[in-house]
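Going by the working numbering, the sequence shown opens with residue 4, and the numbers climb by one from there.
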Amino acid sequence: MKTLTLKNRCQTNATLLPNDFIDNYMVNANGEFVKVYLFLLRHLDDPCSSLTISMIADCLNNTENDILRAFRYWETEGLLRLEKDADGRIAGIELQKTGLSQNAAKTSGAPAQAPVQSPAPLREAQSSAPEPPVSTAKAVPIDTFRAQKELKSLLFIAEQYLGKTLTRTDVDAITYFYDTLHMSADLIEYLIETCVENGHKSMHYIQKVALSWADSGIETVSQAREQSASYNRNCFTVLNAFGIKNRGPASSELAYIKKWAEDYGFTSEIIQEACRRTISATHQPSFEYADSILTKWHNNNIRHLTDIDALDEAYQKERSAAARRSAAAKSKAVTRNLNNFERRSYDMDSLEEQLLNSN
């Protein structure tokens with residue numbers, strides 16, 4: 004197969020795309036056709052560039068017929084002209100309007116269907132072209148380029164994890180994590196990975212977790228892993244103690260767990276003991292009842308299981324003393340009632356006489 008060779012008299016280090024192409028041609032064109040046109044422009048900068056239609060198809064992951072259809076489309080749009088040999092097969096490509104400084108550019112070579120004995124002669128598309136204007140914009144800092152590259156990579160990774168094309172809302176949220184919350188790229192990647200692994204692909208949910216991490220001062224992946232491990236450990240402790248299987252905690256239940264573990268600072272052993280006592284008292288899982296126990300322990304500065312034993316012992320002593328006080332008060336009340344009873348007096352002689360007379 005004959006080789007298509009792209010030649011350019013004026014080489015630059017960038018591929019320039021005119022605004023006219025974006026405004027008037029790209030909007031209505033098929034995306035694959037745009038890829039082909041940009042690919043041709045890119046290889047104009049390499050004076051030694053040699054292409055075949057099959058090579059173009061392989062690079063763009065298209066068929067050779069797709070490439071030929073793109074050629075014909077841009078020919079009808081007036082952006083290139085196909086040169087054909089005597090058999091009607093493509094022998095060369097001439098760019099008609101590119102708006103670039105390298106206006107005199109052509110390709111020559113063989114079609115995809117069959118080789119050509121000799122390439123068609125090259126000719127100039129235009130004799131001269133103005134030089135592109137010199138940019139007066141300030142140089143962009145290297146850090147900015149690095150940030151843009153990181154953010155672009157993050158968006159690609161997010162699409163892979165979420166399994167979909169990101170919406171504008173999704174992009175804005177990830178940009179917010181990066182620019183406003185100042186989360187590192189590694190931390191954002193771990194954030195998305197963790198949420199997806201837990202079955203949450205909603206960007207709203209991911210954003211809530213990100214804000215929670217920011218409020219907790221989490222700045223590294225290791226800190227996030229530590230908190231995630233603590234979260235999983237606490238949730239497993241409570242759900243297992245309550246006998247809850249095959250589901251995670253509801254939002255209201257999670258609020259209780261975070262309150263006990265983070266606000267009260269209780270260990271998993273203390274929380275587990277409260278859950279055990281809840282089941283013994285109510286015979287069913289009750290986060291409200293367990294919260295009443297743990298709140299009481301928090302108010303009594305409980306920090307260890309031994310503190311609970313001491314509190315139980317003090318409670319039993321107080322309960323026994325209260326029972327004794329109640330019994331004593333009850334006994335005293337009975338005695339007082341007996342002392343207040345009015346005793347009766349009887350005339351035994353009179354009663355005996357009445358008994359004899361009745362007989």
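Each residue gets a CB set at the ideal place from its N, CA and C atoms; glycine is no exception.
Note that the structure is predicted; figures quoted are calculated from it, not measured.
Rank 301, 314, 243 by C-alpha distance to the C-alpha of residue 278 and give the top, closest one. Residue nearest to residue 278 within the set 301, 314, 243 is 243 (criterion: CA-CA distance).
Simplified DSSP assignment, three categories, for residue 54: Of the three classes helix, strand and coil, the one that applies to residue 54 here is strand, per DSSP.
With 16 other CB atoms within 10 Å as the buried threshold, where does residue 185 fall? Using a 10 angstroms sphere on the CB of residue 185, the tally of other CB atoms stays under 16, which defines it as exposed.
Own chain, CB closer than 7 Å to residue 67, minus 5 neighbours either side, in chain order: Only 56, 57, 60, 115 meet the Cβ criterion.
With respect to the alpha helix (DSSP H) encompassing residue 190, which residues constitute its N-terminal and C-terminal limits? Residue 190 -> alpha helix (DSSP H) spans 188 to 200.
Can you name, in chain order, every residue of its own chain whose Cβ lies under 6 Å from the Cβ of residue 153, other than the five neighbours on each side? Within the same chain, residue 153 has close Cβ partners 188.
Considering Cα atoms alone, identify which of 210, 326, 88, 248 is closest to residue 181. Checked all of 210, 326, 88, 248; the closest Cα to residue 181 is 210.
Could you please give the first and the last residue of the uninterrupted alpha helix (DSSP H) stretch that includes residue 228? Here the alpha helix (DSSP H) through residue 228 covers 224 to 245.
Quick check on the DSSP output: the beta strand (DSSP E) that includes residue 87 runs from which residue to which? Boundaries of the beta strand (DSSP E) harbouring residue 87: 83 to 87, taken from the DSSP string.
Nearest residue (CA-CA) to residue 204, options 222, 169, 268, 328: For residue 204, the closest alpha carbon among the candidates 222, 169, 268, 328 is that of 169.
Just how far apart, CA to CA, sit residue 290 and residue 202? If I take the Cα positions, the gap works out to 24 Å.
Can you give me the start and stop residues for the alpha helix (DSSP H) that residue 265 sits inside? First-last for residue 265: undefined, no H or E at that position.
Three Cβ pairs or more, each shorter than 8 Å: is that satisfied between the segment 268 to 278 and the segment 235 to 250? At 8 Å Cβ cutoff, the stretches touch.
Distance, residue 160 Cα to residue 166 Cα: Their Cα atoms are separated by approximately 10 Å.
Can you tell me which of 63, 275, 309 puts its alpha carbon nearest to the alpha carbon of residue 296? Residue nearest to residue 296 within the set 63, 275, 309 is 275 (criterion: CA-CA distance).
Just how far apart, CA to CA, sit residue 224 and residue 192? Here the alpha carbons of residue 192 and residue 224 stand approximately 9 Å from one another.
Have a look at residue 17 and residue 179 and give me their C-alpha separation to the nearest angstrom. As the crow flies, the alpha-carbon of residue 17 is around 31 Å from that of residue 179.
From 81, 96, 82, pick the residue whose C-alpha is nearest to that of residue 88; which is it? When C-alpha distances from residue 88 are compared across 81, 96, 82, the shortest belongs to 96.
Sub-8 Å separation of residue 82 and residue 28 beta-carbons: For the pair residue 82 and residue 28, the CB atoms are nearer than the 8 Å cut-off.
Hey, which unbroken runs of the beta strand (DSSP E) at 3 residues or more fall wholly within the segment 253 to 311? List check, beta strand (DSSP E) in window: nothing returned.
Taking the beta strand (DSSP E) that residue 98 falls in, what are its first and last residues? Looking at the DSSP string, the run of the beta strand (DSSP E) that includes residue 98 is 93 to 98.
Assigned secondary structure, residue 152 (DSSP; H/G/I helix, E/B strand, else coil): If DSSP states are grouped into helix, strand and coil, residue 152 belongs with the helices.
According to DSSP, is residue 359 part of a helix, a strand, or is it coil? Correct three-state label for residue 359: helix.
In terms of residues, what are the limits of the alpha helix (DSSP H) holding residue 181? Residue range 171 to 182 is occupied by the alpha helix (DSSP H) that includes residue 181.
Reference residue 64, options 79, 38, 314, closest by Cα: With distances taken between Cα atoms, residue 64 lies closest to 38.
Would you mind working out which of 231, 43, 206, 174 sits nearest residue 99, comparing C-alpha positions? Of 231, 43, 206, 174, the residue nearest in Cα terms is 43.
With a threshold of 16 other CB atoms inside 10 Å of the CB of residue 325, please say whether the residue is buried or exposed. Counting the other CB atoms within 10 Å of its CB gives residue 325 a total below 16, which places it among the exposed residues.
What's the C-alpha gap between residue 158 and residue 245? Residue 158 and residue 245 have their C-alpha atoms some 41 Å from each other.
Whose CA, out of 308, 80, 71, 266, lies closest to the CA of residue 94? The option with the nearest alpha carbon to residue 94 is 71.
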